[in-house]
Amino acid sequence: MKTFLDSGVLLAAWRRTPISDAALRVLTDDTREFYTSELVMLETLPQARHEKNRSEQEFYATHFAGVVHCECLSEALGKAAERLAGQYGLAGPDALQIAAAIRQGVTEFVTSEKPSKPMFRVKELKVVSLYSLA
């Protein structure tokens, strides 16, 4: 299954939160192919580098090394995100991540957000909350 993880999923898996087990199950599911974007990388790796947390850096880097494709930040992505944000009432970063997932033909977008967020209105792909998997 083509899966895009928002940055909150990776952060939850690393930080051992109440939804960490669900995040780790998704990350280790052999039936999934993972896709990402530069925005997800930007929301995870730099902070770990800044804090000089090598094991956290390696955790994220291992995930990113195994992804099938990474959507670059671009004008086309921005326009797609703007359209989605207007259509579904999405916040900017959420719109960018969902647009990146859609542009890559992803089947499932997994998020650490609760199911009450506007992203769950998106019809172009299945949005799954870790809270529903916990």
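Sequential numbering of the sequence shown, starting at 7, is according to this note's numbering.
The beta-carbon is built from N, C-alpha and C at its ideal position, and this holds for glycine as well.
Please read these numbers as outputs of a predicted model, since none were measured by experiment.
**Prompt:** Roughly how far, in whole angstroms, is the beta-carbon of threonine 113 from the beta-carbon of lysine 132, given that I think they are within contact range, below 8 Å?
**Reply:** 6 Å
**Request:** Taking lysine 85 as part of the alpha helix (DSSP H), name the residues at either end of that continuous run.
**Result:** 81-94
**Message:** When you compare the CB positions of alanine 107 and tyrosine 66, do they come within less than 8 Å of one another, or not?
**Reply:** no
**Request:** Please classify threonine 37: is it buried, with 16 or more other beta-carbons within 10 angstroms of its beta-carbon, or exposed?
**Result:** exposed
**Asked** Given cysteine 76, which residues of its chain have a CB within under 8 Å of its CB, disregarding the five upstream and five downstream residues?
**Response** Tyr41, Thr42, Ser43, Glu44, Met47 and Phe70
**Asked** In whole angstroms, what is the alpha-carbon distance linking alanine 54 and cysteine 78?
**Response** 21 Å
**Asked** Using the beta-carbon count (16 or more within 10 Å), is threonine 68 buried or exposed?
**Response** exposed
**Request:** Compute the distance between the beta-carbons of phenylalanine 10 and phenylalanine 126, then report whether it is under 8 Å.
**Result:** No, Cβ-Cβ distance for phenylalanine 10 and phenylalanine 126 is not below 8 Å.
**Prompt:** For the putative contact between arginine 109 and alanine 91, defined by C-beta atoms under 8 Å, what is the C-beta separation to the nearest angstrom?
**Reply:** Not confirmed; about 15 Å, so no contact.
**Asked** Between which two residues does the beta strand (DSSP E) containing threonine 117 stretch?
**Response** From DSSP, the beta strand (DSSP E) with threonine 117 extends over 114-117.
**Prompt:** Skipping 5 residues on each side, what residues in its chain have a beta carbon closer than 6 Å to that of leucine 51?
**Reply:** Tyr66
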